[in-house]
Every structure is written in structure tokens, then in C-alpha cells.
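Undergrad: So the working numbering is basically just the index in the sequence shown, starting at one, shifted up by 2. Think of the CB as a built atom: it goes at the ideal place given N, C-alpha and C, for glycine as much as any other residue. For reference, the structure I am asking about is given below.
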Amino acid sequence: HLLQSLELKKIRGIFFAGQITGVEGYIESAASGIVAGINAARFVRGEEALIFPEDSLIGALCSYITSSNLNNFQPMKSNFGILPPLNQKIKSRQERNRQLALRALDSIKRFVQNNDLK
Numbered sequence: 003h004l005l006q007s008l009e010l011k012k013i014r015g016i017f018f019a020g021q022i023t024g025v026e027g028y029i030e031s032a033a034s035g036i037v038a039g040i041n042a043a044r045f046v047r048g049e050e051a052l053i054f055p056e057d058s059l060i061g062a063l064c065s066y067i068t069s070s071n072l073n074n075f076q077p078m079k080s081n082f083g084i085l086p087p088l089n090q091k092i093k094s095r096q097e098r099n100r101q102l103a104l105r106a107l108d109s110i111k112r113f114v115q116n117n118d119l120k
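In C-alpha cells:
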């Protein structure tokens with residue numbers, strides 16, 4: 003029912019955030035509010051929505067809540083398990099999570115640069 007911009011698919015210009023979207027937790031609700039707010043402002047200005055990269059937690063969370071099967075949907079908190087897997091297998095959970103975090107940071111940096119965000 004929602005696009006990754008957190009806009010309703012069927013009614014343009016209506017954005018949702020927080021628990022109603024399927025995120026769970028204060029930080030997750032705040033993050034979804036940031037995404038919805040940014041995209042609502044961009045909509046009003048006639049600009050294209052920003053879709054955060056799926057290898058960042060905010061992007062992965064938006065992807066999860068907008069593309070999960072509605073028949074067995076479960077609300078989701080941020081966790082490394084919703085990120086796309088790394089290209090290489092890493093046995094140590096701590097090192098794997100560190101590599102996922104580094105990849106996410108690089109991805110967000112590129113996202114900011116590519117979209118001329120400040």
C-alpha cells in the first residue's frame with residue numbers, strides 16, 4: 003500500500019510514518035518520519051522522492067515495510083538481518099555486522115553526494 007518514499011500508492015501526496023507503517027520502536031518511527039517528511043516536502047516542491055539505499059538500515063527498513071507479504075507481515079525493528087547480505091561469507095557475527103555497517107555508511111555517503119544533499 004506504500005511506496006518506498008512512504009507515500010500511498012493509490013493517493014499521491016499522502017505520506018505515512020511511525021508504527022502505522024509497520025516499523026517498531028522509537029528510533030525506527032523517527033527515521034520513518036524523516037523519510038516521510040523529506041518526501042512530503044519534495045512532493046510539494048514538485049521534486050522526485052528520495053529512496054534511501056537498501057543497504058542502509060533506513061533504506062532496508064523502508065524496503066521491508068513496503069515490499070513484505072501482507073498476509074504474514076510482522077512489524078520490524080532495525081536489525082542487521084534486514085540488510086542485503088555481503089558478497090563474502092564472514093563467520094564472526096561481530097565482524098560481519100561491522101562490514102555491513104561500513105557498507106551502509108559508504109552507501110549513505112554516495113547517496114548524499116549523488117543527490118546533492120547537504
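1. For F113 and I53, I'd like the C-alpha separation in whole angstroms.
2. V46 bridges to which residues according to DSSP?
3. Quick check on the burial criterion: 16 or more other C-beta atoms within 10 angstroms. Buried or exposed for F17?
4. For a test of the three-state rule: what should DSSP assign to F17, helix, strand or coil?
5. Can you tell me whether V46 is buried or exposed, with buried defined as 16 or more other CB within 10 angstroms of its CB?
TA: Result, derived from the coordinates:
1. Their Cα atoms are separated by approximately 9 Å.
2. None, per the DSSP bridge assignment.
3. Buried is the call here.
4. Note: F17 maps to strand in three-state DSSP.
5. Its Cβ having fewer than 16 others within 10 Å, V46 is exposed.
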